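Trainee:
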Amino acid sequence: MIGLRAHGIRLRRLRLHSGDRTYDVDFRAPDDAPRPLSVLAGAFSTGKTTILEFVDYCLGASDHPRHPEIMPKVRAATLEVELSGSPYLIERAVGEPSMYAYVRAGRLDEPGATPPVRRPLRPASHPESLSTLLLSHCKLEGVRLRDTLHQHQPDGVDTDPLSFRDLMWLCFLPNERLDDKDLLFRSVPMKHLKLRQVVDVVFDVHDDHSVEIGRRIRAVESELSAARTAYRAAEQIVDEQHAGDREHLEALHRTAKDELAACAQALAALDAQARADTMFADDLRERHRSAAVAARHAATELRDRETQLPRMLTLHGSYADDVAKWTMLAEADHLFEPMRVSACPSCLAPLAGGEDRCPACLLPITDGGSVDVTAELRSAKTRLAELNRYLEELQDELPRLRDVAVRAQEAEARAAAEVDEATAHTITPFLAQRDALARRREEAAATLQRALSGLRLVQSLERRAAGILHQMDQVAAYREELAAAGPQARRADRTAVVRRVSARYSEILREWRYPKLADAYLAEDLTPYMRGEPYTAASSGGRTLIALAWQLALFEIAWESRSSHPGFLMLDSPQKNLGVAGDLADSLTIERIYRHLEQWLAGRGVGAQIVVADNAPPPAAADDVVVRFSRRPEQPPYGLIDDETS
Numbered sequence: 001m002i003g004l005r006a007h008g009i010r011l012r013r014l015r016l017h018s019g020d021r022t023y024d025v026d027f028r029a030p031d032d033a034p035r036p037l038s039v040l041a042g043a044f045s046t047g048k049t050t051i052l053e054f055v056d057y058c059l060g061a062s063d064h065p066r067h068p069e070i071m072p073k074v075r076a077a078t079l080e081v082e083l084s085g086s087p088y089l090i091e092r093a094v095g096e097p098s099m100y101a102y103v104r105a106g107r108l109d110e111p112g113a114t115p116p117v118r119r120p121l122r123p124a125s126h127p128e129s130l131s132t133l134l135l136s137h138c139k140l141e142g143v144r145l146r147d148t149l150h151q152h153q154p155d156g157v158d159t160d161p162l163s164f165r166d167l168m169w170l171c172f173l174p175n176e177r178l179d180d181k182d183l184l185f186r187s188v189p190m191k192h193l194k195l196r197q198v199v200d201v202v203f204d205v206h207d208d209h210s211v212e213i214g215r216r217i218r219a220v221e222s223e224l225s226a227a228r229t230a231y232r233a234a235e236q237i238v239d240e241q242h243a244g245d246r247e248h249l250e251a252l253h254r255t256a257k258d259e260l261a262a263c264a265q266a267l268a269a270l271d272a273q274a275r276a277d278t279m280f281a282d283d284l285r286e287r288h289r290s291a292a293v294a295a296r297h298a299a300t301e302l303r304d305r306e307t308q309l310p311r312m313l314t315l316h317g318s319y320a321d322d323v324a325k326w327t328m329l330a331e332a333d334h335l336f337e338p339m340r341v342s343a344c345p346s347c348l349a350p351l352a353g354g355e356d357r358c359p360a361c362l363l364p365i366t367d368g369g370s371v372d373v374t375a376e377l378r379s380a381k382t383r384l385a386e387l388n389r390y391l392e393e394l395q396d397e398l399p400r401l402r403d404v405a406v407r408a409q410e411a412e413a414r415a416a417a418e419v420d421e422a423t424a425h426t427i428t429p430f431l432a433q434r435d436a437l438a439r440r441r442e443e444a445a446a447t448l449q450r451a452l453s454g455l456r457l458v459q460s461l462e463r464r465a466a467g468i469l470h471q472m473d474q475v476a477a478y479r480e481e482l483a484a485a486g487p488q489a490r491r492a493d494r495t496a497v498v499r500r501v502s503a504r505y506s507e508i509l510r511e512w513r514y515p516k517l518a519d520a521y522l523a524e525d526l527t528p529y530m531r532g533e534p535y536t537a538a539s540s541g542g543r544t545l546i547a548l549a550w551q552l553a554l555f556e557i558a559w560e561s562r563s564s565h566p567g568f569l570m571l572d573s574p575q576k577n578l579g580v581a582g583d584l585a586d587s588l589t590i591e592r593i594y595r596h597l598e599q600w601l602a603g604r605g606v607g608a609q610i611v612v613a614d615n616a617p618p619p620a621a622a623d624d625v626v627v628r629f630s631r632r633p634e635q636p637p638y639g640l641i642d643d644e645t646s
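Position one of the sequence shown corresponds to residue 1 (the UniProt record's numbering), numbered consecutively onward.
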């Protein structure tokens, strides 16, 4: 069917990674192929444009969206794409714009994916850069753009390598370019020059087409030679490992997994049988448990009493010292005469002795009479006597507790021996079987690991072989293209290409019933005209339709002519400036735009992919809506970051 081809890029899924969850957008159809038309619908400020910008970021854009709900949540972005029909994952860190992208073959959530390869973003001409990888799948690897449009480039004129970022001008029409008067970057002459050359390169009508093809052939042949050398080295390593072929390793892998499953099942059955066959010893086990509890209790009680004894002896010594001190103080009162007061402590007036108050200052007089310690001595002797009785009881109890603990330990040992004696003849065969099963399980695990290691080696070798075949196909395709561009065959004329794109541009506007349509065409420098005037003279709504028609005309003709376009197109806000909601004429125009997309993708555009971000797509496009954001907490999904609703 016209339009179907293997090369190019298709979008499959976008995943934003948070700390504990992910936010996914799926561009796949029910049959797992990329959808021809994917519509991102919903209210403004819900993340529709953010999705397109994150796709662009994963494809090498210098920065990513920095909205308040994005920065605290998202840590990385992964884009699942098809490169020449094979699935790949492109991942970039979010936060500070990363200078590298990590690319690996495989799909999201696919087990056993290949390890990622770090690819720099700058310079774009680096052979391992992300741009080089993407351009290689668009048949544009190694293309250089000139700093002049002269047909015969003089010596010394600089050239720049084509970057995939340049190619994105034809793959992404952002909101700000829809009604802008600088659609073709005329305010930046070098950028305008580069855009024209990018279009020429995509349609293979640039002046140095044959030279570029030759350069690409030499570059790919150099890579092919290095890849073959690396393949031979890897093949030698695989042969030295004696891993075997894929069929043998896969059979070994299946056998080992089956053996591990059988061992696990056999162990479970063996344990169940052992429990069943030893149920007769349940009474003995219960007796052993009771004896063990009694032994632990006796040992705890003995340890408690043995710990208390030295503590009580220390306390006994302290009380004995107190009794001795109080006794000595009581006896001192009888041995020495009490001290008498001869002068007032307050005014130092002489006293005769025996006065209760000073005759001079009338303050009370306290003499140094005897001290009565009878109560303290009696209390200390009482506590000492009680402590002596407790120590005697503790010392008398220790031998009995030691005897009880010894008997309890002996009873536990006898109960354990009875259990062992009763179950030994039954358990022994099970132990032997468990040992045999353990050996089988270890052998199966080792075999499984050996099979996995061998499969990884074989898969690595197969990936290298697939890469070599891809490069060989590239060289063959380039040689065919070079032969077609030789002196014996005229290549496509640029004027004819511009004329064809111009006709499609006019046809699209006519289909959309652009008001007062007249003299719509593209100039030789790709500037769109309407009614004989450049697009800058149109109204803002008119410029929106003109920009859409211009981008679609380039995309459609590039696809139908089997050019080097990547094969996907992203459109942001196609209803911009097209009137207020409810306007019948504008509503019909929007319906015609979507009808045109659906009809072209189902006909001449089969195999291409278009993604549209639109606030309110018409009801006829409901089947193409892949996500619809509500911006209402009670009606999920609220937005792209669906747990940020305030």
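Built from N, CA and C at the ideal position, the CB exists for glycine as well.
In this text the structure is predicted, and so the values were computed from the model without any measurement.
(1) How should glutamine 551 be labelled, buried or exposed, when 16 other C-beta atoms within 10 angstroms of its C-beta is the threshold for buried?
(2) The alpha helix (DSSP H) that contains proline 189, what's its start and end?
(3) By the DSSP assignment, the alpha helix (DSSP H) with valine 55 in it spans what residues?
(4) Does the separation of the CB atoms of alanine 266 and leucine 437 fall below 8 Å?
(5) Which residues bound the beta strand (DSSP E) around glutamate 69?
(6) Relative to the C-alpha of glutamine 308, which candidate in Glu393, Ala375 and Arg287 has its C-alpha closest?
(7) From Gln395, Arg543 and Tyr478, pick the residue whose C-alpha is nearest to that of serine 564; which is it?
(8) Who does leucine 37 pair with in a DSSP beta bridge?
(9) Look at the Cβ atom of valine 627, then the Cβ atom of proline 617, and state whether they are nearer than 8 Å.
(10) Run the CB neighbour count on isoleucine 237, radius 10 Å, all protein chains shown included, and call it buried at 16 or more, exposed below.
(11) Would the C-beta of leucine 249 count as close to the ligand GTP, meaning under 7 Å from any of its heavy atoms?
(12) Using a 10 Å radius around the Cβ and a threshold of 16 neighbouring Cβ atoms, would you call glutamine 599 buried or exposed?
(13) In chain order, what residues of the same chain have a beta carbon less than 6 Å from the beta carbon of lysine 73, not counting five sequence neighbours either side?
(14) If you check the beta carbons only, do arginine 144 and proline 161 fall under 8 Å apart?
(15) Please list, in chain order, all residues of the same chain as leucine 313 whose beta carbon is under 8 Å from its beta carbon, the five residues on each side excluded.
(16) Tell me the DSSP secondary structure of glycine 567 in three-state form.
(17) How big is the Cα-Cα spacing for glutamine 151 and proline 515?
(18) Quick one: Cα of alanine 620 to Cα of arginine 632, how far?
(19) Glutamate 524: buried (16+ other C-beta within 10 angstroms of its C-beta) or exposed?
(20) Does the beta-carbon of proline 87 have 16 or more other beta-carbons within 10 angstroms, so that it is buried, or is it exposed?
(21) Alpha helix (DSSP H) containing histidine 126: first to last residue?
(22) One question on the structure: do leucine 184 and threonine 536 come within less than 8 Å of each other, judged by their Cβ atoms?
(23) Express the C-alpha separation of valine 81 and isoleucine 9 in angstroms, rounding to a whole number.
(24) The alpha helix (DSSP H) spanning tyrosine 594 covers which residue range?
(25) DSSP state of glycine 42, grouped into three classes?
(26) So, helix, strand or coil for histidine 150, using DSSP?
(27) Going by beta-carbon coordinates alone, are serine 131 and arginine 165 separated by less than 8 Å?
(28) DSSP has glutamate 110 in a bridge; who is on the other side?
(29) DSSP puts isoleucine 90 in a beta bridge; with which residues?
(30) Going straight from the alpha carbon of valine 202 to that of methionine 570, what length do you get?
(31) Evaluate the contact criterion for the region 258 to 273 versus the region 438 to 450: three or more CB pairs, one atom per stretch, below 8 Å.
(32) By Cβ distance, which residues of its chain are closer than 7 Å to lysine 194, with the 5 residues on each side in sequence left out?
(33) Along the chain, where does the beta strand (DSSP E) containing valine 625 start, and where does it finish?
(34) Leucine 173: buried (16+ other C-beta within 10 angstroms of its C-beta) or exposed?
(35) What number of angstroms, rounded off, separates the C-alpha of leucine 584 from the C-alpha of aspartate 572?
(36) Can you tell me whether isoleucine 614 is buried or exposed? The criterion is at least 16 other CB atoms within 10 Å of its CB, across all chains shown.
Mentor: In brief:
(1) Counting of Cβ neighbours within 10 angstroms places glutamine 551 among the buried residues, the total reaching 16 or more.
(2) Segment 189 to 202, the alpha helix (DSSP H) holding proline 189.
(3) First-last of the alpha helix (DSSP H) with valine 55: 48 to 58.
(4) In this structure, the beta-carbon distance from alanine 266 to leucine 437 falls below 8 Å.
(5) Per DSSP, glutamate 69 belongs to no beta strand (DSSP E) and is neither H nor E.
(6) Of the candidates Glu393, Ala375 and Arg287, the one whose C-alpha sits nearest the C-alpha of glutamine 308 is Glu393.
(7) When only C-alpha atoms are compared, the closest one is Tyr478.
(8) Answer is Ile610.
(9) Going by C-beta atoms, valine 627 is not nearer than 8 Å to proline 617.
(10) When all chains shown are included, isoleucine 237 counts as exposed.
(11) With respect to small molecules bound, the structure shown includes none, and the ligand GTP cannot be examined in it.
(12) With fewer than 16 other beta carbons inside 10 angstroms of its own, glutamine 599 counts as exposed.
(13) For lysine 73, where only same-chain residues beyond five positions count, the Cβ hits under 6 Å are Ser18 and Ile641.
(14) By the CB criterion at 8 Å, arginine 144 and proline 161 fall inside the cutoff.
(15) Excluding its 5 nearest sequence neighbours in each direction, leucine 313 has C-beta neighbours in its own chain below 8 Å: Leu391, listed in chain order.
(16) Correct three-state label for glycine 567: coil.
(17) With a pLDDT of only 46 at glutamine 151, under 50, the local geometry of the prediction cannot be trusted, and no value is derived from it.
(18) Straight-line Cα distance between these residues: approximately 24 Å.
(19) With fewer than 16 other Cβ atoms within 10 Å, it is exposed.
(20) The residue is buried, with at least 16 neighbouring Cβ atoms inside 10 Å.
(21) Note, histidine 126: premise wrong, no alpha helix (DSSP H); not H, not E.
(22) Not closer than 8 Å, so no.
(23) Approximately 7 Å, taken between the alpha carbons.
(24) Element bounds for tyrosine 594: 584 to 602.
(25) DSSP places glycine 42 in strand when its eight states are reduced to three.
(26) Note that histidine 150 has pLDDT 49, beneath the 50 cutoff, so the model's placement of it is unreliable and no number is given.
(27) Remark: C-beta atoms of serine 131 and arginine 165 approach each other more closely than 8 Å.
(28) In the DSSP output, where bridge partners are listed per residue, glutamate 110 has none listed.
(29) BP columns for isoleucine 90 point to Leu79 and Val103.
(30) Taking the straight line joining both Cα atoms gives about 17 Å.
(31) Under the three-pair Cβ rule at 8 Å, the region 258 to 273 counts as touching the region 438 to 450.
(32) In chain order, Leu145 and Asp166 place their CB closer than 7 Å to the CB of lysine 194, counting only its own chain and leaving out the 5 sequence neighbours on each side.
(33) Secondary structure note for valine 625: its beta strand (DSSP E) is the uninterrupted segment 625 to 629.
(34) Buried is the call here.
(35) Their Cα atoms are separated by approximately 22 Å.
(36) Isoleucine is not the amino acid found at residue 614; the sequence shown has aspartate there. Buried, by the Cβ-count rule.
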